[in-house]
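Heads up: the sequence lines are chains A and B, in that order. With the working numbering, letter number 146 in the first sequence gets 146, and the count goes up by one each step, no holes. So the number in the working numbering is just where the residue sits in the second sequence, counting from 1, plus 374. Even for Gly, the Cβ is constructed at its ideal location relative to N, Cα and C. All remarks here apply to the structure that follows.
2 protein chains.
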Amino acid sequence: MAPYVTEFDLYEPQSTNDLQYPIQKIAIVGSGSWGTALARIAALNAAEKKASFIFQIFSGFDHEVRMWVREREIPGQGLLTEVINSTHENHRYLPDVSLPHNLVAVPDLVEVVKGATLIVLVVPHQFLTPVLDELSKPGVLAPGARAISAIKGVEVAGDEIYTFPWLIEKKLGIPCSALGGANIAMEVAQSEFCETTIGVPSSDDAALWHAVFDSPMFRVHPIEDVAGVSLSGALKNVVALAAGFVDGMGYGGNTKAAILRIGLLEMAAFTKEFFPSSSSLTFSHHSAGVADLITTSFGGRNRKCAEAFIKSGKSFAQLEHELLKGQKLQGVVTAEEIYKFLQARGRTEGYPLFTKVYKISFEGMDPKTLFDDL
Amino acid sequence: MAPYVTEFDLYEPQSTNDLQYPIQKIAIVGSGSWGTALARIAALNAAEKKASFIFQIFSGFDHEVRMWVREREIPGQGLLTEVINSTHENHRYLPDVSLPHNLVAVPDLVEVVKGATLIVLVVPHQFLTPVLDELSKPGVLAPGARAISAIKGVEVAGDEIYTFPWLIEKKLGIPCSALGGANIAMEVAQSEFCETTIGVPSSDDAALWHAVFDSPMFRVHPIEDVAGVSLSGALKNVVALAAGFVDGMGYGGNTKAAILRIGLLEMAAFTKEFFPSSSSLTFSHHSAGVADLITTSFGGRNRKCAEAFIKSGKSFAQLEHELLKGQKLQGVVTAEEIYKFLQARGRTEGYPLFTKVYKISFEGMDPKTLFDDL
C-alpha cells in the first residue's frame, strides 16, 4: 500500500530529467532575508540540475541565477552588489551564510529578468507596484515566462480583496504561483529540515517550481490552490499577534494552542468565504497552513512585537520604530486591512478573533477580552 | 450570517435548565493532576447548576462530587483523604490550587460511584483493568449511569487495537465518551482559557458531559467521534517524542513545525485506517487534535524527556527512573504499542514517523534519520 500522504499531494513531483521544456533561467526579484535564502536554494539546484542535451531536447537550468539588489555604497567596501559578488554573502540580511558562486547580484531590474523564464518575486509589499510597472514594459519579460510570489500580505481596496499572484498575473499577463510554509529564513539558509507549499495554477508550474526549489532539506509540495497559499501567508501573521498577546499576558500553552486552533479555523473560513475555489485542506494539511502558523506563532517577530505591545503598553508604531528600525510589522498591516475589508462587507462578526486583534491593536480594547465570545 | 464555527460543532450546547434528566450525580475515578483538575471543574459546575425542581422535572446536579483517592498515611498529617478534605487541596498532584468544598475525597471505589450517574474515569492506564473489575460487579453502578474516559493511551493485543471507551463500554455495559484537548492540568486548574473536545456516542451524552465540564475558561465542544478523541490523546504523545528529538538535536521552529504537520497527518490517517467511522476533522479542527498536539509538543513531559534522551544519550528507562520517579513515559509506551500493532498488520511502512520514533527510542537508530523518507 502507498504511504498515507499521497491523497493530499495533488501533483507527483517529477524528476528534472523528465521536464520537457527548453532550458530554464531563474531570476530572483528581491534580496532580503527570505529572498536571499530562496535564491541560495534555487542557485544550488540550478548548478546541480544544469542544462543538458538529452534526446535532442534541452532541459534543466541555466547555470547562472541573478538576484536583484538595490545598489548602494557600503562605506569602506564599495558597491553592495560587488561586495555580495566577491564575498558570496549577503551580510546585512543573511549573515554568515555562504551563497553559491553561480548566484549573481545585479543592480538593474531589467538586466535581472533578461531571458529569465522563472521569476521569483520576493520584494516587500510596498515595492511590488513599481516592480510590476517596470516588468510590464514591452520586451522586458522573455516569452513563456512564469512567476511565483513569496510576498506576504494581501491587497485590499474598499470591499475588494486581491492576492499578489492574482495582481501579478493581471499586470504581467503570465501565470503566477504562490510559495509559503513554515520557513523562517535563517533556518532555511542553514539547511535545517523543513517543508514548503507551492500553490500552482497548472501541473506545468508544479513541475517547474518543484524543480527550482525542492531539495532534501527543503521539501516542496505543490498543490492546486494559489489563493489558499497566499491568504495563509497573510492571515497567519494576524493570528501570530493574538499568540503574542497570550504570551504577553502570561498565559500558558493551553491558551496559546486554543488561540492557534481558533485562528486556523478563521483563516480557512475567511479564505473559503472570499476565495471559494480555495481548499480548506491547504490550512489543515499543508506546510503553508498549520505548520507556518505554528512556527510563526512561536518564533516570528509578529509574535515577539505583540508580546512587547502587551508588556510595555507602547503602541505598535512606537514598537516598529524601536524594534524594527521603522519597518512596518506585517501582522499589524494585515490586521488593519482585513478588518477594514470585513467592515466594508459587513462581516466582522463572522471573524471574532481577527476583529479583536484589530481592536486590541488599534482601538485600545482590553486584551483580556480576547477570549470572550470566541 | 452565523459565525463560521457552527459547521464543525456537531452539537449545540444546551443550557443545563433544558436537560430533561433526573438529578445527576458526578463521580471522579482518579486523583492525579488531571483527575483533580477535572474534579475541580465538575464540582464547581455541580455547585452552580445544582439540582432544582422545574416544571415538575428534576434537573441539575447533586451538590456533592466524590473523587476516588487511594488511601495512605501522610507522615505527621494523617490519612490522605482527610488531608485533602480538610485542606481542600491535593498537595501532591495539584499544589496551591483550592478545591471546592463540595468535592470530597473518598478512599473506597464502590462508595465513590454509589448512586453516580456520570462517572469520569481518569486513572493511569495500568489501573484501568482492576477498576473495571470492581465497577462491573453487580449492584455497584447505578441504573442509567454513563462514563467518560480521560485516560491517555490505547490497548493493543497482537493485531487488534482498542480504545479505552470501547473497553469500558464492553466491560461495564454503559455508554462511554472520551475527553481530550490542549489541557495541561496545572494551567486548567489555574483557570487559564482553554478548550477541550468530548467525543460522544449520542446527543444525550453530549448535553450531559457539556453541562458537567463547560465553563467560561474551559470551553467544551462535543463531537460525534469517540475513537478520534481517544486515539488523538494517545498518538499525540508519540509525535511529541519526535518534537523532543528535534529540540534535542538543536533544530529550530521550521523543523519542529514540519514534524508536527507530518505527525498530525499520520495521527489522522492511522485513526481513519483502523477506526473507519472516525472523522479526520477531529484532528484538523478540534482541540483534541491540532491544539493538543501543539501544547504537548511544546510544553509536555514527553517532549522534555525526548529532548533529554537525545542530549544525554541515556535510555528512556533510565530517564523514567531519574526524571519521573519510575513512572512510565506515556509516549514511549504508546510508541511501542503502535509499532508492534503496525508490525502485526504489516503496515509500518505506511507510518514512517511513528516507526522512526520507535526505532530511535528502542533500537538505537540515528535520530538524524528522522527526516529521511518522510
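Any Cβ of chain A closer than 9 Å to the Cβ of D666 of chain B would place that residue at the interface, and such an atom is present.
Taking the Cα positions, D470 of chain B is about 7 Å away from E463 of chain B.
A residue is called buried once 16 or more other Cβ atoms fall within 10 Å of its Cβ, and K170 of chain A, having fewer, is exposed. Considering only beta carbons, no part of the region 706-720 of chain B lies closer than 7 Å to chain A.
Taken through DSSP and simplified to helix, strand or coil, F592 of chain B comes out as strand. Using a CB distance cut-off of 9 Å, K256 of chain A counts as an interface residue toward chain B. For T669 of chain B, the nearest CB of chain A lies under 9 Å from its own CB, placing it at the interface with that chain. Pairwise C-beta distances place the region 493-506 of chain B in contact with the region 518-525 of chain B, as three or more of them are shorter than 8 Å. Contact with chain B is found for V188 of chain A, since one of that chain's Cβ atoms lies less than 9 Å from the residue's Cβ.
Annotation: N45 of chain A has no Cβ neighbours in chain B at a cutoff of 7 Å; minimum Cβ distance is about 18 Å. A direct Cα-to-Cα measurement between L80 of chain A and F672 of chain B gives close to 41 Å.
Here L748 of chain B has I636, P726 and L727 as same chain residues with Cβ atoms under 7 Å from its own Cβ, once five neighbours each way along the sequence are excluded. The criterion of a C-beta distance shorter than 9 Å is satisfied by A631 of chain B and I294 of chain A.
For A157 of chain A, there are no neighbours in chain B by C-beta distance under 9 Å, as the nearest C-beta there is about 23 Å away. Burial of T708 of chain B is indicated by the presence of at least 16 other C-beta atoms within 10 angstroms of its C-beta.
Taken in chain order, the members of the region 181-206 of chain A whose beta-carbon sits within less than 7 Å of a beta-carbon on chain B are A182, N183, I184, E187, V188, E192, F193, C194 and E195. Just so you know, the alpha carbons of F501 of chain B and S407 of chain B end up roughly 16 Å apart. Contiguous alpha helix (DSSP H) elements confined to the region 553-585 of chain B occur at 559-563, taking only those with 4 or more residues.
Comparing C-alpha distances from V484 of chain B to each of B:G738, B:R446, B:L473 and B:V505 shows the shortest one belongs to B:V505. A288 of chain A is not a Cβ neighbour of G331 of chain A, given a cutoff of 9 Å.
Taking a 10 Å sphere around the C-beta of E561 of chain B, we find 16 or more other C-beta atoms and assign the residue as buried. Listed by position along chain B, the residues whose Cβ is nearer than 8 Å to that of G299 of chain A are G626 and G627. Neighbours of F745 of chain B in chain A, taken as residues whose beta carbon is under 7 Å from its own, are F193 in chain order. Here S460 of chain B is exposed. Its C-beta has fewer than 16 other C-beta atoms within 10 Å. One thing to note: V586 of chain B has its Cβ within 9 Å of the Cβ of Q398 of chain B.
Taken through DSSP and simplified to helix, strand or coil, M67 of chain A comes out as strand. By the neighbour-count definition (other C-beta atoms within 10 Å, threshold 16), S405 of chain B is a buried residue. Put simply, the backbone Cα of L697 of chain B is about 25 Å away from that of G554 of chain B.
L44 of chain A: not part of any beta strand (DSSP E); member of the alpha helix (DSSP H) spanning S33 to E48, first to last residue. Secondary structure of N476 of chain B (DSSP, three-state): coil. For I168 of chain A, the uninterrupted alpha helix (DSSP H) segment begins and ends at F164 to L172. One thing to note: A417 of chain B has its Cβ within 9 Å of the Cβ of I400 of chain B. For the region 447-522 of chain B, the continuous alpha helix (DSSP H) assignments of 4+ residues that do not extend past its boundaries occur at 454-461, 483-487 and 502-509, in sequence order. When CB distances to chain B are screened at a threshold of 9 Å, not a single residue of the region 230-241 of chain A falls below it. Against chain A, the CB of L634 of chain B has a partner CB under 9 Å away; the residue lies at that interface. In chain B, no part has a C-beta under 8 Å from the C-beta of H221 of chain A; the shortest such distance is about 10 Å.
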